[in-house]
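The next block holds one structure in the form of structure tokens; read it before the comments.
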Amino acid sequence: MASLQKVIRRPPVFWSVVGFLLLIQFCLGLYSARQLSVTHDEYWHLPVGFLSLETGRFDHDRLNPPLIRSWSALPLLMTSAQSGSPDLSSDPADYGDAFLEANPENYQHYYFLGRCMILLLSCVSGLLLALWTRELFSSQAACFAVFLWVMSPNILASAALGTQDLAITGFFLAVFYCGWKFACLPTWKWALVTGIVLGLAQLTKYTAILLVPLLLIQWVLVRYKSPEIQERPANRTVVLRWGVLLLSSLFILNAGYLFRDSLQPVSSYQFQSSELKVLTALPEFLQIIPLPVPRDYLMGFDLQRFIMQQTHPTFLDNQWEEHGFRSYYLYTMLYKLPHGFQFLIVIAIYSWFKQPRLLARRTLAVLLTPVVLLLCIASLANNQLGLRYVLPVFPFIILLCAPLIDQLDFDRHKIRSYLILIAMLSLPLSLRHAPDHLAYFNELSGGPEQGDSHLVDSNIDWGQDLYRLQDYLNQNPISDLKLAYFGTIPPGKLGIKYDLPAEFRPVPGKYAISVSILQGRPYTLRRQDGSRYNLEHDALGFFRFFEPEAQLGYSINFYEVTPEDIARWQTAVMQANRSMRSP
Numbered sequence: 001m002a003s004l005q006k007v008i009r010r011p012p013v014f015w016s017v018v019g020f021l022l023l024i025q026f027c028l029g030l031y032s033a034r035q036l037s038v039t040h041d042e043y044w045h046l047p048v049g050f051l052s053l054e055t056g057r058f059d060h061d062r063l064n065p066p067l068i069r070s071w072s073a074l075p076l077l078m079t080s081a082q083s084g085s086p087d088l089s090s091d092p093a094d095y096g097d098a099f100l101e102a103n104p105e106n107y108q109h110y111y112f113l114g115r116c117m118i119l120l121l122s123c124v125s126g127l128l129l130a131l132w133t134r135e136l137f138s139s140q141a142a143c144f145a146v147f148l149w150v151m152s153p154n155i156l157a158s159a160a161l162g163t164q165d166l167a168i169t170g171f172f173l174a175v176f177y178c179g180w181k182f183a184c185l186p187t188w189k190w191a192l193v194t195g196i197v198l199g200l201a202q203l204t205k206y207t208a209i210l211l212v213p214l215l216l217i218q219w220v221l222v223r224y225k226s227p228e229i230q231e232r233p234a235n236r237t238v239v240l241r242w243g244v245l246l247l248s249s250l251f252i253l254n255a256g257y258l259f260r261d262s263l264q265p266v267s268s269y270q271f272q273s274s275e276l277k278v279l280t281a282l283p284e285f286l287q288i289i290p291l292p293v294p295r296d297y298l299m300g301f302d303l304q305r306f307i308m309q310q311t312h313p314t315f316l317d318n319q320w321e322e323h324g325f326r327s328y329y330l331y332t333m334l335y336k337l338p339h340g341f342q343f344l345i346v347i348a349i350y351s352w353f354k355q356p357r358l359l360a361r362r363t364l365a366v367l368l369t370p371v372v373l374l375l376c377i378a379s380l381a382n383n384q385l386g387l388r389y390v391l392p393v394f395p396f397i398i399l400l401c402a403p404l405i406d407q408l409d410f411d412r413h414k415i416r417s418y419l420i421l422i423a424m425l426s427l428p429l430s431l432r433h434a435p436d437h438l439a440y441f442n443e444l445s446g447g448p449e450q451g452d453s454h455l456v457d458s459n460i461d462w463g464q465d466l467y468r469l470q471d472y473l474n475q476n477p478i479s480d481l482k483l484a485y486f487g488t489i490p491p492g493k494l495g496i497k498y499d500l501p502a503e504f505r506p507v508p509g510k511y512a513i514s515v516s517i518l519q520g521r522p523y524t525l526r527r528q529d530g531s532r533y534n535l536e537h538d539a540l541g542f543f544r545f546f547e548p549e550a551q552l553g554y555s556i557n558f559y560e561v562t563p564e565d566i567a568r569w570q571t572a573v574m575q576a577n578r579s580m581r582s583p
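Residues in the sequence shown are numbered from 1 upward in steps of one, following our numbering.
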């Protein structure tokens, strides 16, 4: 092991290993990006980003800040893509419809280009992870951290989609890295760099607002009574440098919105969320103070908080709950993390708490703080739609596991070393479902074939298998298909001819049903002509009685329901009713 550590410490070897691992991730991501159909939120993210680049406006859809949408749309400026020039709409899917209408031949390629831009961010995040791990631990641990990053199906799933989830994960890592450098060496340079990165994070997703208190907590954890910290500037200097950090962050945030409608007073806003309604209750002399953020940012944050405060159907282990489950994300990580990774986490926690040195405990606290805070906040929310909501905890969990590679000692700790080695070698097995990383479930949960009995929505079914349905229908022409598709792209635009299924009762025929709808998710379906129809909760739940003839990817089941099948269902329903009435 000592000789291997010496070899990996050499910069050419180290960066070659890191580069090779990230190349694997990039190739796997390209494969997924090419194979999967446009997913639920992607349908409008790319068109809205393209509109922002074309018009310089950010009010088409305020529910997400503009940075990553515009970043994904950058390659479209070098193509013949058209936005469709849609009017402002409260339904963001209308922007996707206009983009699809304007680019009927090339829209798939344009979405692929947008996904490639997210893949680049994933590789940059992997490089940053390697850099910080090497500074904290060793070159060998840094290579292991990148290996864990590349072998995570959950990271790969978001890296191949044009959404903000992978990007905010990378920015959480970047802000914490810069904040750690600033805490260790509180210079003007690191104050400015940290502020710039923090501002970019605010332009990525509203979750980044949590980074401000997290940076303060990190500062205290790193510096409080630390014998490692040599530079102790005066309190006045520290306050000034923190001021530079926060002001540079605000500058970047306003610059990202092209300084449009910044510095407007509270009195000019009508807020919906309970958090921001507090501002309207301030005394009048305070309401005339201009707010140092863009109007579109604040209105979007208010809308996002208002939506998160509403009840929303959440599914966990065959149960629906309107206010979410407090244990939702713990079960999600139990089901969707590879067993090898779960085992490494357990060993890492055991190893960290055995460390007697104060520095080790201090580092542990720094890495655990964002994990605990994000998981707690997400677990208390009503709107629980998938593991992607807590994806930013992954880099910090990987950092906690990275030093395990340095603890391999087959002479003194033989059992632990073999356990770590076995867990490592099992991780590539989680990639065998490529390109279906989005639908990954581990073995004990039943794999992706049984995943919808545990979780739905973006955990397994985000509309990613519509191309597979299209291919299936090309090979098996069906004239009277009934389709209930959980996705925003209108299936009719792909040439799929279908009707909507009858609700609450089976009718003989051939059906394609998305598994989220199969498990009872209420949803707004698209008819053949693109118009919308609201499907009630569990309106197609009776399909759970029937065995699918085919599973298209892991998110669409195909059924052929016969009169005999319906007779069996009716008999089963009558027996169930009799058993419920009997004492």
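Heads up, the beta-carbon is just placed ideally off N, CA and C, and yes, glycines get one too.
| message | Buried or exposed for arginine 468, going by 16 or more other Cβ atoms inside 10 Å? | response | buried
| said: Check whether the region 179-196 and the region 465-479 touch, using three or more Cβ-Cβ pairs below 8 Å as the test. | reply: no
| message | One question on the structure: do valine 515 and valine 573 come within less than 8 Å of each other, judged by their Cβ atoms? | response | Their beta carbons are not under 8 Å apart, which means valine 515 does not touch valine 573 by this criterion.
| task | Report the rounded CA-to-CA distance for phenylalanine 594 versus tyrosine 257, giving the unit in angstroms. | result | What the structure shows of the chain is the stretch from 1 to 583, and residue 594 is not part of that stretch, so it cannot be assessed.
| query | Between which two residues does the alpha helix (DSSP H) containing glutamate 449 stretch? | reply | 447-450
| For isoleucine 168, is the beta carbon positioned less than 7 Å from some heavy atom of the ligand COA? | This structure simply doesn't include the ligand COA, nor any ligand for that matter.
| glycine 243 burial status per 10 Å Cβ neighbour count (16 or more: buried) | exposed
| message | To the nearest angstrom, how far is the alpha carbon of phenylalanine 315 from that of phenylalanine 14? | response | 44 Å
| DSSP beta-bridge partners of valine 561 | According to DSSP, valine 561 bridges with Gly509.
| Are glycine 340 and leucine 427 close, meaning C-beta to C-beta below 8 Å? | yes
| What is the DSSP secondary structure of aspartate 499, reduced to helix, strand or coil? | strand
| query | Does the Cβ-Cβ distance between tryptophan 190 and phenylalanine 182 come in under 8 Å? | reply | yes
| request: Just mark phenylalanine 588 as buried or exposed, buried being the case when its beta carbon has 16 or more other beta carbons within 10 Å. | output: Outside the modelled stretch of the chain, which goes from 1 to 583, sits residue 588, for which no answer is possible.
| Where the beta strand (DSSP E) containing asparagine 534 begins and where it ends | 532-535
| Terminal residues of the continuous alpha helix (DSSP H) containing tyrosine 440? | Neither: tyrosine 440 is in no alpha helix (DSSP H) and is coded neither H nor E.
| task | Could you tell me the distance, in whole angstroms, from the CA atom of isoleucine 556 to the CA atom of threonine 39? | result | One C-alpha to the other measures close to 13 Å.
| request: Please say whether glycine 324 and glutamine 384 have beta carbons closer to each other than 8 Å? | output: Yes; because the gap between Cβ atoms is below 8 Å, this pair is in contact.
| Near glycine 84, which residues of its chain fall below 6 Å by C-beta distance, leaving aside the five closest residues on each side in sequence? | Ala98, Phe99, Glu101 and Ala102
| query | Would you call the CB atoms of alanine 141 and proline 403 closer than 8 Å? | reply | The answer is yes: Cβ separation under 8 Å.
| Alpha carbon to alpha carbon, what distance is there between lysine 354 and glycine 29? | 38 Å
| message | For leucine 399 and valine 393, I'd like the C-alpha separation in whole angstroms. | response | Taking the CA atoms as reference points, leucine 399 sits about 10 Å from valine 393.
| request: List the residues that DSSP assigns as beta-bridge partners of lysine 493. | output: DSSP lists no partner for lysine 493.
| said: Residues in the same chain with beta-carbon distance under 7 Å from isoleucine 24, minus the five sequence neighbours each way, listed in chain order, please. | reply: Val150
| Pick from Phe543, Leu22 and Ala234: whose alpha carbon is nearest that of leucine 127? | Closest by alpha carbon: Leu22.
| said: Let me confirm a value: serine 579 is counted as buried when at least 16 other C-beta atoms fall within 10 Å, else exposed. Which label applies? | reply: exposed
| query | DSSP beta-bridge partners for serine 514? | reply | DSSP lists Ile556 as partners of serine 514.
| Beta-carbon proximity list for arginine 532, same chain, < 8 Å, skipping 5 on both sides | Within the same chain, and ignoring the five residues on either side of arginine 532 in sequence, the residues whose Cβ sits closer than 8 Å to its Cβ are Thr524, Leu525 and Arg526.
| field | Option nearest leucine 364 by Cα separation, candidates Gln319, Leu136 and Ala160 | value | Comparing Cα positions, the closest option is Leu136.
| field | Paired residues, beta bridge with phenylalanine 315 - DSSP | value | Beta bridge pairing from DSSP links phenylalanine 315 with Trp320.
| said: Taking only three categories from DSSP, how would you classify tyrosine 257? | reply: coil
| said: Using the Cβ count rule (16 or more neighbours within 10 Å means buried), how would you classify valine 7? | reply: Here valine 7 is exposed: its Cβ has fewer than 16 other Cβ atoms, across all protein chains shown, within 10 Å.
| Beta-bridge partners of threonine 524, as assigned by DSSP | Asn534
| request: Report the three-state DSSP secondary structure of lysine 414 (helix, strand or coil). | output: helix
| request: Give every residue of the same chain whose Cβ lies closer than 7 Å to the Cβ of tryptophan 71, excluding the five residues on either side of it in the sequence, and list them in chain order. | output: Met117
| message | Excluding the 5 residues flanking arginine 115 on each side, which residues of the same chain have their C-beta closer than 7 Å to its C-beta? | response | Ala33, Ala160, Leu161 and Gly162
| Quick one: any contact between the region 41-59 and the region 281-288, if contact means 3 or more CB pairs under 8 Å? | Verdict: no, contact absent.
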